[in-house]
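K.L.:
The numbering of the sequence shown is my numbering, which starts it at 13 and goes up by one. Have a look at this one.
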Amino acid sequence: MAWHSFDTIVSITQNFMKTLHFLFLCCACGTLTFTSCDDDDNDTNVNLSSRDQTFMTKAGFNNKAEIVAGAVADSMGMDSTVRMYGNMMVDDHTTAYNELAGYANSWNVNIPQQPDSIHMAKTAYLRSLSGHSFDTAYINAQIKDHIETIALFQQEADSSSMTQLKAYAGKYLPKLKMHLQMADSIAAVLNAE
């Protein structure tokens, strides 16, 4: 067994400690680098513009209004196409609302949980009607509401500062336009009766 001098042992120990210190610094820098590169979509520190916040609020109200009114049409509509249309509104606007709510939750933003007071009053009025009167009032309201909603979504798709909201609005615009075309077609048939 070889005996080393005290100076040799001190030198080996110092070199070992320098190597450990260097490795520790490398690991610490690597951890900081990976942490700073985290690209998580669940950013709770999102700074939404006032226009984007307004869009989220209005889109939340509109989706909830379509869900509630659609459920009423599905149960109270006399014409089968009105009932089918109402059911489609419930399905499509629930999907759109849930996607918007996902963004709102990840960004720690509140969106409406129910329709606004104007749409609640419209729904109460619809509930007071029956038969052909109900069907025509519901479909005519759908035409008006979808024209307004399309304008809202078009503006957001064209000029949102948030990539996700711009994509969301662009994704649902074709479906909203289809809803409007269908409502126009149903209204033409109902108004001819």
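Virtual Cβ for every residue (Gly too), placed ideally from N, Cα, C. All values derive from a computational prediction rather than experimental measurement.
My understanding is that Met90 touches Gly143, with C-beta atoms under 8 angstroms, so please give their C-beta distance in whole angstroms.
P.N.:
On the sequence shown, residue 90 is found 78 positions in, with the first residue counted as 1. On the sequence shown, residue 143 is found 131 positions in, with the first residue counted as 1. With 8 angstroms as the limit, Met90 and Gly143 qualify as a contact, their Cβ atoms being about 5 angstroms apart.
K.L.:
Under the three-state reduction of DSSP, which class applies to Asp170: helix, strand or coil?
P.N.:
The residue you call residue 170 lines up with position 158 of the sequence shown. Asp170: helix per DSSP, three-state reduction.
K.L.:
Considering Cα atoms alone, identify which of Asn75, Val58 and Ser118 is closest to Ala181.
P.N.:
Against the sequence shown, residue 181 aligns to sequence position 169. It is Asn75.
K.L.:
Is it true that the segment 71-88 meets the segment 120-127, where meeting means three or more beta-carbon pairs spaced less than 8 angstroms apart?
P.N.:
The segment 71-88, when compared against the segment 120-127, does touch it at the 8 angstroms Cβ threshold.
K.L.:
For Val84, report the span of its alpha helix (DSSP H) as first-last.
P.N.:
Walking along the sequence shown from the start, residue 84 turns up at place 72. Residues Ser62 to Met88.
K.L.:
What does the Cβ neighbour count give for Ala71, buried or exposed, with the cut at 16 atoms within 10 Å?
P.N.:
Against the sequence shown, residue 71 aligns to sequence position 59. Buried.
K.L.:
Would you call Tyr184 buried or exposed, if buried means 16 or more other Cβ atoms sit within 10 Å of its Cβ?
P.N.:
Residue mapping note: residue 184 aligns to position 172 of the sequence shown, counting from 1. With 16 or more other Cβ atoms within 10 Å, it is buried.
K.L.:
Just to check my reading of the structure: Ile151 and Ala199 have Cβ atoms closer than 8 angstroms, yes? What is that Cβ distance to the nearest angstrom?
P.N.:
The residue given as residue 151 occupies position 139 in the sequence shown. The residue given as residue 199 occupies position 187 in the sequence shown. Right, their Cβ atoms sit about 5 angstroms apart.
K.L.:
Distance, Cα to Cα, Ala179 vs Ser173?
P.N.:
Taking the sequence shown and counting its residues from 1, the one referred to as residue 179 is at position 167. Taking the sequence shown and counting its residues from 1, the one referred to as residue 173 is at position 161. Using only the alpha carbons, I get a separation of about 11 angstroms.
K.L.:
Grab me the residues of Val58's own chain with a C-beta within less than 7 angstroms of its C-beta, minus the 5 sequence neighbours each way, in chain order.
P.N.:
By 1-based counting over the sequence shown, the position of residue 58 is 46. Taken in chain order, the residues that qualify are Trp119.
K.L.:
Closest to Arg63 by C-alpha separation, out of Pro186, Leu192, Asp196 and Leu164, would be which residue?
P.N.:
The residue given as residue 63 occupies position 51 in the sequence shown. It is Leu164.
K.L.:
Could you give the distance in angstroms between the alpha-carbon of Asp103 and the alpha-carbon of Ser61?
P.N.:
For the purposes of this step, residue 103 is taken as residue 91 along the sequence shown, with counting starting at 1. For the purposes of this step, residue 61 is taken as residue 49 along the sequence shown, with counting starting at 1. Those two C-alpha atoms are separated by around 29 angstroms.
K.L.:
Residues in the same chain with beta-carbon distance under 7 angstroms from Leu141, minus the five sequence neighbours each way, listed in chain order, please.
P.N.:
Locating residue 141 in the sequence shown gives position 129, counting from the first residue. Contacts found: Ala149.
K.L.:
With 16 other CB atoms within 10 Å as the buried threshold, where does Thr161 fall?
P.N.:
As a working mapping, residue 161 is identified with position 149 in the sequence shown. Buried, since its Cβ has 16 or more Cβ neighbours within 10 Å.
K.L.:
Would you say the beta carbon of Asp104 comes nearer than 6 angstroms to a heavy atom of the ligand COA?
P.N.:
What this structure holds is no ligand at all, so the ligand COA is not there to describe.
K.L.:
Which of helix, strand or coil does DSSP assign to Asn122?
P.N.:
Counted from its first residue, the sequence shown places residue 122 at position 110. Coil.
K.L.:
Taking DSSP as the reference, what is the three-state secondary structure of Asp91?
P.N.:
Residue numbering aside, residue 91 sits at position 79 when the sequence shown is read from its first letter. In this structure, Asp91 counts as coil in the three-state DSSP scheme.
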